[in-house]
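Data first, discussion second: the structure below is written as structure tokens.
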Amino acid sequence: MDHDLDRREFTVGFLTASFAALALRPTAAGAATESPGAAVLDQPWAVWDEDAKPIRGGIFRIAAAQYIGKMNPNHWPVLDWVSMGYFHERLMMNDGSYNSTVLWLAEKLSWESPQEVVMTLREGVTFHDGSPFDAKSVKYQIDWIRNPASKTWDAGWLAQLDAVEVVDDRTLRWKFKTPWAGFNGVMANVPGYVMSARALHDDVDKYDSQPVGTGPYIVEEGSPDNYLKLKRNPNWWFAKASGHPDMPYFDGILVTIVPDPAVRLANLRAGKIDVLLLDKSQYAVAKTDPGLNVHRYPGNHVMALRFNNTKSVFQDIRLRKAVSHAIDRKALIAGTQFGLARLASCMYPEDHWCHNPNLKAVTYDPDLSKKLLAEAGYGGGLTVKGYFNNTTMGQTIAEAVKGMLAQVGIDWQVDLMAPAAYATRMQKMDYDLAQGGWIWIYDPDLMPTGLYHPQGGFNFGRSKNDAAIALIEAGRKETDLEKRRAIYWQLEEVLYNSYEDAWLWWEETATAYRKQVEGWNQEGFLKYQDAWFWSHPLWFKDGKA
Amino acid sequence: MTDLIHPAAAVAVSSASRNPALALLRAVARHRLASVGLVIIATLIIVAVFAPVLAPYSPFQQDLYHVLAPPSRLHLLGTDNLGRDLLSRLLYGARVSLFVGIVSSLVSAVIGVVIGLIAGFRGGMVDAIIMRITDAFLCFPPLIFILAMSAALGPGLQNVILAFALFGWTYFARLARGQVLLVRELPFIEAARSVGVPASRIMFRHILPNIVAPLLVAITIGIGSAILVESGVSFLGLGVQPPTASWGKELRVGFTYLEAAPLFSIAPGVMISLAIIAFNFVGDGLRDALDPRLRGANRVSR
Amino acid sequence: MGKYIGIRLAHALVILAIVVVLVFIIARIIPGDAIMAAMAGSVDLHDPSVVERVRHQYGLDQSIPVQFAVWLGEFLRGDWGTSIGTGQKVLDMFVQRLPVTLELFVGATLWSIAVGLPAGILGALKRNSAADIAVTAGAIIGVSLPPFWEAIVLIYLFAVLLPIFPPSGYVPFFEHPLLNLRAVVLPTFVLGTHSGGLLARYVRSSLLEVLGQDYVRTARAKGFSEAAVIARHALKPGMIPVVTVIGLSWGGLLAGAFFIEVVFAIPGLGRMSVDAIFQKDYPVMQAMLIVVSLNVLLVNLLVDILYGYLDPRVRVRG
């Protein structure tokens, strides 16, 4: 059925691109430097509303579009990363501007040199099977990931790692083959999910369905395609470390699989589930429901149209300009996103730390488009081909854009295809104008490398902007945060001026909670995102659903 | 499985009147449900043919600031997810759905009848092989087979028709073969053959006229099936490509927006149901008219 | 009779062979690379060594005839392979989901009998009356309504507007019988109306046929009341085709189950099949097509033998 806008979609772009980018990165200096010992309570996000009196109890019910699949994050397929986060935790996490600076299970990072990091692990953390979270366990896990016999798909992400050594129970020494600025990002990503070495060692196949992590919940039972049951972890390290021994507050979590967005909403309104990531069309309806609290927040995805800049008519910048100015972005957002998106100027969303605030969104100017088309010799009309995602949302966007382009005389013959099917066309550059954009924008290097660098996982030769390439390579080497940011500002300007792609909008998401669910703080979440979400568990009013 | 037409009925029809078609039509008109069905079908065809005149808007005219609007004076059924007038989309959709339905059934009939006649006439090994292949195809639930075929052939109008025909021929083949077997054994046919009348003559003068009536029933009901299949296939994502409107495609998109715009899901479904019901009513009436006392033995399975 | 069974059996085997080949072909001609489809979620698309490794794992690097032979051998031995999409063993997936779909079937059959049987009898008894026409119309409508649409409407009415039934989901029977029954009411009703319509028609026509027989007329002439006539002479023989219709309509139920399971989010065989077709999950698709066809073949074989036993003319006509 229709798996719109959900975890799988996000996973495709993110994981593929990330792997490609990280694996192919040449030299890079350590971007993060020394972090002072980060006791939990010293963190800026470690603030709780002491007037609120959370009550323990109840089973929290979620509806997911797909079953999680495998529960070892390094095995494929994993189709639900939100649920994954309930029982597996990472060494590092991302902050409110999508930078991987938050220390979680790693308590301290000391960069001895751009090629060597000493990591101190948190004390007092145990896995769900009682085994201790210590340096030996992490080393075992990392070595296991890199072992070809383990058949992990993310082994390539650790390609720049030379070795990881145990210094003592709580300390590890990481040695890189080359300076590695992306190290923090990897630790905040899939290889950074800590798994019990004992469980991995004893029965690695069983781990896929009975994982052993350190998270606030423990996997109780998984029924494929039906539900996933998690139960409360009474020994969650964070509860003790933060001084809130009652955390997490729910007795358990039940994830039910419901493929259709309409049926998911029906379940929410009928009180059968407690939270729902809303389909944008449902936002208006959910907002007026007196039994729901709806929260809207920015997402780190960008939607764009990609040009074939090297092998099609779009080598001519006038035609790229014509397309970009022919699109009424405001109308697109209003109609296809129901207002839940932010007008995009360039790549990085406005809350990302590398966003260039001096660039403005491309104006809607169909007359200019027609003029440019005529100038370029296509006054009588232009026919271009391409592809777009065949989900309901993808179809809607494609049809809307097609209509807008038709108004200025451009006939976009767009084929609606599934991602696996259009991957081939992308590789062969068999398109003029097609689906573009990027999801899960964290480390600033991944996206531009993937899209505009010759070695990028999503380029395949379609873009060759020398100025941009030079800036991308410079950005990988720069250790100073301010200087690095300046490089990316310049990069955005270069791409913007050359109309390298047509950026449309930055994502917004809306989630609805039943009024019974308490503990959400919109301000805190907007400011600290990931860090806030996992450190501020929710609870039921009166302790029941 | 007994799907042969009872000899008595076959003879009855062939010897009835000079013009079996007219007799049939008269019988149908008398049948109340079938006449209702005919009226509905006629209306749908008129709608389809005159869609450009009847539709208040172009089915492609987008209005992104008024998507999923509820019914109003401007838009009698509201708008769809791109702000297009739903009523106009449905009126134009009638063209697609009816076209696909009718052509699919006809193509299946042609292919099936030809194969069935060959099987019936040749007999022996040829017949046995063809029959086993037919049975093999019939082992698959139709929708599954057609879905897989659609996935294989890819999206698009012609592919839906092709996918349906690749399965639908089986029913018609059986029908035709059954008729041939029946008529072959009649005394005057045997006499004709022994005298040396060529097979093609026998086929055209004796078999085909007899087959017309049950064939008509099968085609009519086949149209209903084809419309159902097209909507089902479109519902699952294959089928016609946007911006073409077909009832099944509208239903699919509409389902996503069930709460926001319930009419978007309900209306296309009503159209599809009406069409299928109408064709089934008429097919039923035809069947009754053909064979009023022996319905149990005359089964054209779906 | 023995010869008749023998011929039928031989036919069935030939058909089975054709089916097996057909299944294999169908699975292969669906375009798109199965491995790419499954791996799109996790591996760098242009690391050829990894893609090749997985392709080899699934045996997809061998020639088609070899693949066929290997698959057939394993299948017969009970190794139905591993799903490319979920990574589970196909046989396990089947075993997990079969009871769910089976419950839907049983429920649907119960509904169709509950609705279709009395309707059909009513129609036959009151032939050509308003009631009869209503029954026929109702039956045809039941058969004509697209099941996925009916499902949508029912969800909207009975789960959103009036929250009586849960809009989706499935609770295993042994876990919570009451919730389980509540969850399957809507889905089985939708499935049941479809086959119920068919059943009503067949009951009506077969009953009519029986009622027109001489021995029934004789019974009437002898002075038995209409009720007695029906109960003693018409009902039983009228039911024979009914039983076979129920058996044969299971094929149609499977097709309907596809949509029902997708719309109602029920983890049964139908949903598994749809996903497999769209994700080009060969092992699952092949196994599913074989199982379904085998089921139809067996039912047909049994019906043919039954008819051969009951009606000697069939044996001769073949």
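Chains as they are written, first to last, in our numbering: chain A, 12 to 556; chain B, 977 to 1278; chain C, 38 to 355. Glycine is no exception: its CB is placed at the ideal position from the N, C-alpha and C atoms. Keep in mind the model is a prediction, meaning the values are calculated, not measured.
Cross-chain neighbours of residue i in chain B, by beta carbon under 9 angstroms
i, result
"A:Ser292", "Val1043, Leu1044, Asn1057, Thr1232, Tyr1233, Glu1235, Ala1236 and Ala1237"
"A:Glu503", "Simply none; closest approach about 28 angstroms."
Residues that residue i contacts on chain C, provided the C-beta gap is smaller than 7 angstroms
i, result
"A:Asn400", "Ordered by position in chain C, no residue passes the 7 angstroms Cβ test against A:Asn400, which lies about 12 angstroms from the chain."
"B:Ser1241", "Ile189"
Within chain B, the residues that residue i reaches when beta carbons sit closer than 7 angstroms
i, result
"A:Val296", "Glu1235 and Ala1236"
"C:Ser330", "Cys1115 and Phe1116"
"C:Pro183", "Leu1204, Ser1207, Gly1208, Gly1245, Ile1248 and Ser1249"
"A:Phe403", "For the record, residue 403 of chain A in the displayed sequence is Thr; it is not Phe. Under the 7 angstroms cutoff, chain B gives Val1229 and Thr1232."
Nearest residue (CA-CA) to residue i, options the options
i, options, result
"C:Val336", "C:Ser310, C:Glu140 and C:Leu46", "C:Leu46"
"A:Val178", "A:Val197, A:Ser148 and A:Ile156", "A:Ser148"
"B:His1042", "A:Lys186, A:Ser161 and A:Ser292", "A:Ser292"
"A:Trp247", "A:Val269, A:Phe98 and A:Tyr308", "A:Phe98"
"C:Val137", "C:Ala324, C:Ala220 and C:His48", "C:Ala220"
"B:Leu1119", "C:Ile192, C:Gly307 and C:Ala188", "C:Gly307"
"A:Ala333", "A:Ser474, A:Gly420, A:Val269 and A:Phe471", "A:Gly420"
"B:Ala1202", "B:Ala1018, B:Ile1017, B:Val1079 and B:Phe1026", "B:Val1079"
"C:Ser379", "B:Val1089, B:Leu1082 and B:Asp1260", "The displayed coordinates of chain C run from 38 to 355. Any statement about residue 379 of chain C would go beyond what the structure contains."
"C:Ile44", "B:Val1076, B:Ser1073 and B:Ala1104", "B:Ala1104"
"A:Leu370", "A:Leu506, A:Leu132, A:Ile70 and A:Pro55", "A:Leu506"
"A:Leu52", "A:Leu330, A:Ala250, A:Thr112 and A:Asp327", "A:Ala250"
"C:Trp117", "C:Gln323, C:Ile192, C:Met38 and C:Val340", "C:Gln323"
"A:Ala478", "A:Asp454, A:Glu511, A:Lys488 and A:Pro222", "A:Glu511"
Check: residue i C-beta below 6 angstroms from any heavy atom of the ligand GDP
i, result
"A:Thr189", "Absence of the ligand GDP is noted for the structure shown, with no ligands found whatsoever."
Beta-ladder partner(s) of residue i, from DSSP
i, result
"A:Thr112", "Answer by DSSP bridge pairing: none, since A:Thr112 is not bridged."
"A:Ile79", "A:Ile79 pairs with nothing; no bridge assigned."
"A:Val528", "A:Phe551"
"A:Gly397", "A:Val425"
"A:Tyr308", "A:Thr520"
"A:Trp185", "A:Val128 and A:Val175"
"A:Lys332", "Answer is none; A:Lys332 lacks a bridge partner."
"A:Gln316", "According to the sequence as given, residue 316 of chain A is Leu; it is not Gln. In DSSP, A:Leu316 forms a bridge with A:Gln446 and A:Ala513."
"A:Tyr204", "A:Arg101"
"A:Arg72", "A:Leu265"
"A:Thr137", "A:Pro143"
Residues that residue i contacts on chain C, provided the C-beta gap is smaller than 8 angstroms
i, result
"B:Leu1133", "Chain C residues near B:Leu1133: none, gap ~18 angstroms exceeds 8 angstroms."
"B:Gly1200", "Ser181"
Closer than 8 angstroms at the beta carbon, the chain A residues around residue i
i, result
"B:Leu1040", "Asp339, Ala342, Leu343, Ala345, Gly346, Thr347 and Ala411"
"C:Ala161", "The contacting residues do not exist; C:Ala161 stays about 40 angstroms from chain A at best."
"B:Gly1069", "What B:Gly1069 touches in chain A: nothing, since even the nearest Cβ is about 15 angstroms away."
Proximal chain A residues relative to residue i, where beta-carbon distance stays under 9 angstroms
i, result
"B:Gln1217", "Asp426 and Leu427"
Residue-chain proximity (residue i, chain E), Cβ-Cβ < 7 angstroms
i, result
"A:Ala76", "No chain E is part of this structure, whose protein chains are labelled A, B and C."
Contacts of residue i in chain A (Cβ-Cβ under 7 angstroms)
i, result
"C:Ala196", "Ala277 and Ala281"
Proximal residues of chain C, C-beta to C-beta of residue i below 9 angstroms
i, result
"B:Asp1061", "In chain order: nothing, as chain C lies at least about 21 angstroms away."
Worksheet item: Can you list, in chain order, the stretches of the beta strand (DSSP E) that have 3 or more residues and sit fully within the segment 416-473 of chain A?
Response: 421-428 and 444-449
Worksheet item: Does the pairing of the segment 1092-1103 of chain B with the segment 1151-1163 of chain B give three or more beta-carbon distances under 8 angstroms?
Response: yes
Worksheet entry | the segment 1191-1209 of chain B / the segment 146-153 of chain C touching (three or more Cβ pairs under 8 angstroms) | no
Worksheet item: Taking the runs of the alpha helix (DSSP H) that are 4 residues or longer, which of them lie wholly in the segment 1006-1092 of chain B?
Response: 1008-1025 and 1027-1030
Item to complete: Report the residue ranges of all alpha helix (DSSP H) runs contained in full by the segment 214-277 of chain A; include only those spanning at least 4 residues, in chain order.
Response: 215-218 and 248-252
Practice prompt. Report the residue ranges of all beta strand (DSSP E) runs contained in full by the segment 1157-1231 of chain B; include only those spanning at least 3 residues, in chain order.
Written response: Within the segment 1157-1231 of chain B, no run of beta strand (DSSP E) reaches 3 residues while sitting entirely inside it.
Fill in: Segment contact flag, the segment 309-320 of chain A with the segment 1246-1255 of chain B, C-beta cutoff 8 angstroms, min 3 pairs
no
Discussion item. Suppose only complete runs of 3+ residues qualify. What are the beta strand (DSSP E) ranges in the segment 335-378 of chain A, listed by chain order?
Written reply: Runs of the beta strand (DSSP E) inside the segment 335-378 of chain A: 352-354.
Worksheet item: For the 8 angstroms Cβ check, are there 3 or more pairs between the segment 519-537 of chain A and the segment 55-66 of chain A?
Response: yes
Item to complete: Output the residue ranges of the alpha helix (DSSP H) runs that lie fully inside the segment 1081-1145 of chain B and measure 4 residues or longer, sorted by chain position.
Response: 1100-1114 and 1118-1129
Item to complete: Within the segment 282-308 of chain A, note down every full alpha helix (DSSP H) run reaching 4 residues or more, in order along the chain.
Response: 294-298
Practice prompt. Specify whether the segment 91-106 of chain A and the segment 220-230 of chain A touch according to this definition: at least 3 beta carbon pairs, one from each stretch, less than 8 angstroms apart.
Written response: Counting Cβ pairs under 8 angstroms, three or more are found: they touch.
Worksheet item: Should the segment 214-228 of chain C be regarded as contacting the segment 154-171 of chain C, the criterion being three or more beta carbon pairs within less than 8 angstroms?
Response: no
Worksheet item: Does the pairing of the segment 196-206 of chain A with the segment 101-119 of chain A give three or more beta-carbon distances under 8 angstroms?
Response: yes
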